[in-house]
Amino acid sequence: MDKTNDININLMAIKNIFQLTFRQTIQSKRTILMLIVSYLPVFFTVYYRLAEPQELIPPNLVLYHIMIFYLLFVSILVSLFYGTAVVGDEVDNKTIVYLFTRPIPKYSIIIGKYLTYIVGVILIVVPPILINFLIISTDSDMSSDFRTTLDIFGKQLGVIILSLVVYGSIFTFFGARLRHAMIIGLLFAFGWEKIMLVVPGIVRKASIVHYLLSIFPIDPSFHEAIERVSKGTFSGVSSSIITISIVTIIFLVITVFMTYKREYKFE
Numbered sequence: 001m002d003k004t005n006d007i008n009i010n011l012m013a014i015k016n017i018f019q020l021t022f023r024q025t026i027q028s029k030r031t032i033l034m035l036i037v038s039y040l041p042v043f044f045t046v047y048y049r050l051a052e053p054q055e056l057i058p059p060n061l062v063l064y065h066i067m068i069f070y071l072l073f074v075s076i077l078v079s080l081f082y083g084t085a086v087v088g089d090e091v092d093n094k095t096i097v098y099l100f101t102r103p104i105p106k107y108s109i110i111i112g113k114y115l116t117y118i119v120g121v122i123l124i125v126v127p128p129i130l131i132n133f134l135i136i137s138t139d140s141d142m143s144s145d146f147r148t149t150l151d152i153f154g155k156q157l158g159v160i161i162l163s164l165v166v167y168g169s170i171f172t173f174f175g176a177r178l179r180h181a182m183i184i185g186l187l188f189a190f191g192w193e194k195i196m197l198v199v200p201g202i203v204r205k206a207s208i209v210h211y212l213l214s215i216f217p218i219d220p221s222f223h224e225a226i227e228r229v230s231k232g233t234f235s236g237v238s239s240s241i242i243t244i245s246i247v248t249i250i251f252l253v254i255t256v257f258m259t260y261k262r263e264y265k266f267e
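According to this note's numbering, numbering within the sequence shown proceeds without interruption in unit steps and concludes at 267.
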């Protein structure tokens, strides 16, 4: 009976933290900036449909590049801005001490704020992706094999959401542990991760982006060209998903563990 009560109390705590943090997240200035970044490709897609340069650039190729842009830039940038803020905002505002003195388990606070992050970034990133797909799918050239295109798009969207999850856990740790989390996060996201895109061999496996690209599906018509560029350096789908899941769990566990061990003191 006591265990059931503890579970109910923890779930209620997570719910309360989620509701409070979600309201703060939506009202933050960074939300406006991230919405602008997320919706920028929509303007390009609209221009593409109005200008109708389909003879030069096929619609499935345009869609592929848009999805890659969301995977390698938008999702990482949004994860950086919001992930470092999961705990980082409380540290910067010096309110984390008051938050942790509440009669709520610290892990419930971290879980509640991380779930807020997941819901928030999905609401920011996914809608413009769907809009881009709907606009491009109106092209007559897409109707010939729409079912295959839809299947590939759905899997690509899943990988982008997975990137938000894994990068979010990493940047949550950065925000909780590092003093200049945003700067270090930028160096990691657009320095290390981007360098690993062009580094040949096994070294690529030291990056998250390698595993995301390994499970990122592509149109069959591009498969030969992509394989030629990548030189067959992708990892297996199953091993990539397992690796991403392990990394996500490890960084979240470390973040929770660290909040129990670290004393937050401010002058």
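Built from N, CA and C at the ideal position, the CB exists for glycine as well.
Residues near residue i by beta carbon distance below 8 angstroms, same chain, minus five either side
i	result
valine 78	Met34, Val37, Ser38, Val121, Ile124, Val125 and Leu164
alanine 206	Met196
leucine 187	none
Rounded C-alpha distance that separates residue i from residue j
i	j	result
valine 159	isoleucine 215	7 angstroms
tyrosine 107	serine 169	14 angstroms
proline 59	leucine 134	12 angstroms
histidine 180	threonine 84	10 angstroms
arginine 204	alanine 189	14 angstroms
phenylalanine 44	alanine 51	10 angstroms
serine 238	threonine 248	16 angstroms
leucine 178	threonine 255	11 angstroms
lysine 194	threonine 138	33 angstroms
aspartate 145	glycine 154	15 angstroms
isoleucine 161	isoleucine 111	18 angstroms
leucine 72	lysine 15	32 angstroms
leucine 11	phenylalanine 257	19 angstroms
isoleucine 57	asparagine 8	55 angstroms
isoleucine 246	isoleucine 68	24 angstroms
isoleucine 202	glutamine 27	43 angstroms
proline 127	arginine 147	20 angstroms
Close Cβ partners of residue i (< 7 angstroms) along its chain, the five nearest in sequence each way excluded
i	result
tyrosine 211	Ser235, Ser240, Thr243 and Ile244
threonine 116	Phe18, Thr21, Phe22 and Thr25
tyrosine 48	Val62
phenylalanine 81	Arg30 and Met34
valine 46	Ile135
valine 74	Val37, Ser38 and Val125
leucine 213	Phe234
Cβ-based neighbour list, residue i, same chain, cut-off 6 angstroms, excluding 5 preceding and 5 following
i	result
isoleucine 104	Ala13
isoleucine 109	Ile17
arginine 228	The predicted position of arginine 228 is uncertain, since its pLDDT is 49 and thus under 50; no value can be drawn from it.
methionine 182	Thr84
Where residue i falls, given that 16 or more other Cβ within 10 Å makes a residue buried
i	result
lysine 113	buried
threonine 149	buried
glutamine 156	buried
isoleucine 250	exposed
threonine 259	buried
isoleucine 32	exposed
asparagine 132	buried
phenylalanine 174	buried
Residue i vs residue j beta-carbon contact at 8 angstroms
i	j	result
glycine 191	phenylalanine 171	no
isoleucine 208	valine 166	yes
alanine 176	valine 119	no
tyrosine 305	isoleucine 129	The question about residue 305 has no answer here: the residues shown for the chain are numbered 1 through 267.
proline 217	isoleucine 152	yes
Beta-carbon separation (whole angstroms), residue i vs residue j, contact threshold 8 angstroms
i	j	result
isoleucine 66	proline 41	5 angstroms
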